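Please read the structure below before turning to the comments.
In the working numbering, the protein residues as written are 4 to 339.
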C-alpha cells in the first residue's frame, strides 16, 4: 500500500485530541483523514486544553461513522471513560487502531481486547507518546546495556499548571485521581528500567494547593520492585508545568537526569549523565547528551504505525508490555 491510509478520527473530547489531530494533518503522505466523529454531545467527563481545529474536515455523527467503508485505521480520541467502548467496536471489525489512554479503571475489557489483537496480529497502538522520545529511548537502552550498573532508584514526575476551574472536578471523576490520568505515562517510562517484579505499591493522594479537598489533584506512589524502588509524582499545580517534568535514574555506576522530559519551545532537549566508571562509550564523569530540538510530540508513533499498516515493517507491538503498563498503573494508584 503506497497511498495514504484512509483514517477515521473518532472523537474530539480527549485531552490529546487536538494535538493528535494537528499532527495527523501534517502527515499527509501517511494519513488521509476521511472523517472526524463529533462526540461533543456525549456526557462523559472531559477536560480540553485546546479545541481541535477541524477546518476543512468532514464531521460525522457516531451512526454515520458506523456506515463508512474502506477505513484503514481508526484513531480513538473520545473522553477517557469511552475509550475501550469505541476500541472494542472496531477491534470486532478487525480495524487497526491508535487509541489514547488510560485504558480503563479495570484490567477488563482492555485485557480481552489486547488478547484479541494479539491473536489476529492486529495493531492496537496506545498513545504512550513518550515512546518516540529520543532522550527516553537513549535512557532505556543505556540502562538495558548496563551503563548505569544495577538500577536502584527511579524518580519520575509529570506535573502541570493548567489552572482551569473545571479540572479538579474532572480529576475527581477517576478513582485514582490525577495519578490514574497521568501515571500511565510515568509507568510506561520507568517499567523498562525497573528490575524484577512489583512487590509493593503505596499510593498517596491529596488536593493540590487551592483545589477542593478530596479531588485528588496531587498524588504520589512508591513502588517497590524486587531490585528497584520507584517514586512517581503528579500534581496539577506545579509552576512551570511541562518544563519541570523530570526523570532521574540512579544506578550503582551512575545517574541519569532528564529535565524536562520533553520540550517544544524551540530549546534543545538535553540529558545529564554522570558515571562512576566508563560505560557504553562514555568516560567516567559528567556528560551532557544533546538530542536537538523536538518538532512533534506524536509524529514518531504515528509514522511507525503507518509503516506497519503499509507492510513496510512488521507489527512489533509488545502486547505484554502494554498489559503490564496498564496493570501497574492501576496498582500504582490503588485501584487494584
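C-beta atoms are modelled at their ideal positions from N, C-alpha and C, and glycine is treated no differently.
This structure is a prediction, so every number in the text was calculated from the model and none was measured.
Could you tell me which residues DSSP pairs with residue i in its beta bridges?
i	result
residue 13	40 and 79
residue 110	Answer is none; residue 110 lacks a bridge partner.
residue 258	253 and 277
residue 206	224
For the alpha helix (DSSP H) holding residue i, just list the boundary residues, first then last.
i	result
residue 114	113 to 123
residue 187	180 to 193
residue 198	Per DSSP, residue 198 belongs to no alpha helix (DSSP H) and is neither H nor E.
residue 329	322 to 335
residue 26	20 to 29
residue 239	Per DSSP, residue 239 belongs to no alpha helix (DSSP H) and is neither H nor E.
residue 127	No alpha helix (DSSP H) contains residue 127, which is instead part of the beta strand (DSSP E) from 127 to 129.
residue 86	86 to 95
residue 68	65 to 69
Taking all protein chains shown into account, decide if residue i is buried (16 or more other Cβ within 10 angstroms of its Cβ) or exposed.
i	result
residue 169	exposed
residue 64	exposed
residue 207	exposed
residue 205	exposed
residue 321	exposed
residue 156	exposed
residue 96	exposed
residue 77	buried
residue 188	buried
residue 332	buried
residue 147	exposed
How is the beta strand (DSSP E) around residue i delimited, first residue to last?
i	result
residue 227	221 to 228
residue 345	Nothing about residue 345 can be read from this structure; the chain reaches only from 4 to 339.
residue 139	That residue, residue 139, is in no beta strand (DSSP E); its alpha helix (DSSP H) goes 137 to 147.
residue 292	288 to 296
residue 102	100 to 102
Does residue i come out as helix, strand or coil in the three-state DSSP assignment?
i	result
residue 165	coil
residue 170	helix
residue 249	strand
residue 285	strand
residue 310	helix
residue 55	coil
residue 60	coil
Query raised in the report: Are at least three pairs of beta-carbons, each pair with one atom in the region 125 to 134 and one in the region 98 to 105, less than 8 angstroms apart?
Result: Inter-segment contact for the region 125 to 134 and the region 98 to 105 is present: three or more beta-carbon pairs are separated by less than 8 angstroms.
Query raised in the report: Do the region 117 to 125 and the region 227 to 239 make contact, defined as three or more Cβ pairs closer than 8 angstroms?
Result: In the pairwise beta carbon analysis, the region 117 to 125 is classified as not touching the region 227 to 239: fewer than three pairs are separated by under 8 angstroms.
Query raised in the report: Should the region 138 to 148 be regarded as contacting the region 50 to 62, the criterion being three or more beta carbon pairs within less than 8 angstroms?
Result: As far as the Cβ criterion goes, the region 138 to 148 does not touch the region 50 to 62, which means the pair count is below three.
Query raised in the report: Contact between the region 272 to 291 and the region 77 to 86: three or more CB pairs below 8 angstroms?
Result: Touching, no, given that fewer than three Cβ pairs across the two stretches are closer than 8 angstroms.
Query - Touching by the beta-carbon criterion (3+ pairs, under 8 angstroms), the region 170 to 189 and the region 270 to 278 - result: With a cut-off of 8 angstroms, the region 270 to 278 and the region 170 to 189 do not count as touching, because too few Cβ pairs lie within range.
Query raised in the report: Counting Cβ pairs closer than 8 angstroms, one from the region 143 to 159 and one from the region 251 to 266, do we hit at least three?
Result: Yes, they touch.
Requested in this report: Say whether the region 106 to 117 touches the region 238 to 247, bearing in mind that this needs 3 or more beta-carbon pairs closer than 8 angstroms, one atom from each stretch.
Outcome: They do not touch, by the three-pair rule.
Query raised in the report: Counting pairs of Cβ atoms below 8 angstroms between the region 294 to 304 and the region 192 to 204, do you hit three or more?
Result: Counting Cβ pairs under 8 angstroms, fewer than three are found: no touch.
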